[in-house]
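Reading through the structure tokens given below for one structure.
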Amino acid sequence: MKKLSLKITLLLTVFFAGSSLFAQDFQGKAYYMSKTTMDLDQFGGQDMSAERKKQIMERMKSFLEKEYTLTFNKSESIYKEEEKLEAPGSGGRRGFGSSLTGGPKYKNVQTKEMIQDQEFFGKQFLVKDELKNIEWKMGTETKKIGQYTCFQATATIERTGIDFQSFRGPRGRDQKKEGEKGKDSTNSNESKAPKTIDVVAWYTPQIPVNQGPDNYWGLPGLILEVNADRTTILCTKIVLNPTEKESIDKPKKGEEVTQAEYTEITTKKMEEMREMYGGRNGRGGGRGRN
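Residue numbers (mature numbering (1 follows the signal peptide of the UniProt record, and there is no 0)): -23 to -1, 1 to 267.
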């Protein structure tokens, strides 16, 4: 009980200290690094050599490791990926990954709006939906991220976007003999990723806005770190009340769809690609060895 009281006292102290930052035109900018890990064995890579896996992971680095900025005020924010120049000789390998990368994401915690500009295989979409509440469980653990004291919060949320676990390797390799269809069907269902994700977030009441990176928000302080599934998002730098303010504008271009509709569109496209490349591998598997 004594330890809990000390935590509450610390929380109140940093909250009131942070509240002095606020003015009518308050704005801040947070810089984040995002890193996602991938097990190639789950995507048909069991027979690949270690060297081949290393080459593939290098090619996918720009897709799995990204940098973002979150520009925010008391009610709005815009989350953008920082553009990078491609390394010489990359040969456009980013093309596939860029089709799965979200554009600027706008959040308004007062009106509960979420709007994202998204290009997918050459077509522009405007994903527009309600900003969903996250049922956070507040913890008492603390740690320092840079100069900021952060508190832990956890939640279980629904998985959104493409379920990559559903696209593990060509079907021809996943299925066994025709007589084992029932067993394969059961295993296929079991192999799919769960529909929910456990999230651990770290927020600082020293910056008392309920904003955060990507879809994350709703805590009594800016979220500086998120660990969700295979992805970690970590804040590396914060600038408060910059001399030059940036406009936080809602994305406007593209065919308007909900998040559920956009997920259905992208999943269908990925399934088509899975069938197409699976068929090619089945017909030309021996050709690659000559």
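Backbone N, C-alpha and C fix where the C-beta goes; we use that ideal spot for every residue, glycine too.
Owing to the predicted nature of the structure, the values given are computational and were not obtained by experimental measurement.
Assigned exposure category for residue i - 16 Cβ within 10 Å defines buried
| i | result |
| --- | --- |
| Y239 | buried |
| A237 | exposed |
| V216 | exposed |
| Q124 | exposed |
| M250 | exposed |
| G99 | exposed |
| P182 | buried |
| K105 | buried |
| E252 | exposed |
| E223 | exposed |
| T88 | exposed |
| T220 | exposed |
| E167 | Bear in mind that a pLDDT of 43 at E167, under 50, signals an unreliable position, so the number given afterwards is only what the model happens to contain. It counts as exposed. |
In DSSP terms, what residue i is bridged to
| i | result |
| --- | --- |
| T181 | L199 |
| V176 | A132, A205 |
| I92 | Y83, K105 |
| G5 | F49, L217 |
| Y193 | DSSP lists no partner for Y193. |
| E238 | Answer is none; E238 lacks a bridge partner. |
| L41 | In the DSSP output, where bridge partners are listed per residue, L41 has none listed. |
| T126 | K121 |
| F97 | K100 |
| K114 | T131 |
| M10 | E44, L211 |
| S54 | F49, K84 |
Spatial neighbours of residue i in its chain, beta-carbon cut-off 6 Å, leaving aside the 5 residues before and after
| i | result |
| --- | --- |
| I200 | A178, Y180, G189, Y193 |
| T14 | R207 |
| I174 | I134, R136, A205, D206 |
| I92 | Y83, K105, K227, P228 |
| C212 | A7, Y9, L201 |
| P81 | I55, K57, D94, P228 |
| K120 | C127 |
| E232 | F102 |
| G79 | Q93, Q95 |
Supposed contact pair residue j and residue i - C-beta distance, whole angstroms, cut 8 Å
| i | j | result |
| --- | --- | --- |
| A132 | E112 | 6 Å |
| Q4 | N50 | 5 Å |
| T48 | I225 | 6 Å |
| Y8 | K214 | 4 Å |
| T235 | F97 | That belief does not hold up - the Cβ atoms of T235 and F97 are roughly 15 Å apart, past 8 Å. |
Beta-carbon contacts of residue i that lie in its chain and below 7 Å, excluding the five residues immediately before and after
| i | result |
| --- | --- |
| S67 | Summary for S67: the model assigns pLDDT 48, below 50, so the residue's position carries little reliability; its value from the coordinates is reported in the next sentence. Once the five neighbours on either side are set aside, S67 has no close Cβ partner at all. |
| K172 | E135, R136 |
| V186 | F49, K51, L199 |
| G195 | N110, I111, W113, N187 |
| G116 | F128, Q129, A130, T131 |
Check whether residue i and residue j have beta carbons under 7 Å apart
| i | j | result |
| --- | --- | --- |
| E53 | N85 | yes |
| E44 | K12 | no |
Sequence-distant residues of the same chain with beta carbon closer than 8 Å to residue i, five excluded per side
| i | result |
| --- | --- |
| K230 | D94, Q101, L103 |
| I184 | G(-6), L(-3), G5, Y125, G198, L199, I215, L217 |
| T46 | K6, A7, Y8, Y9, Y56, K57, E59 |
| E118 | F128, Q129 |
| I122 | W179, T181, L201, E202, L211, C212 |
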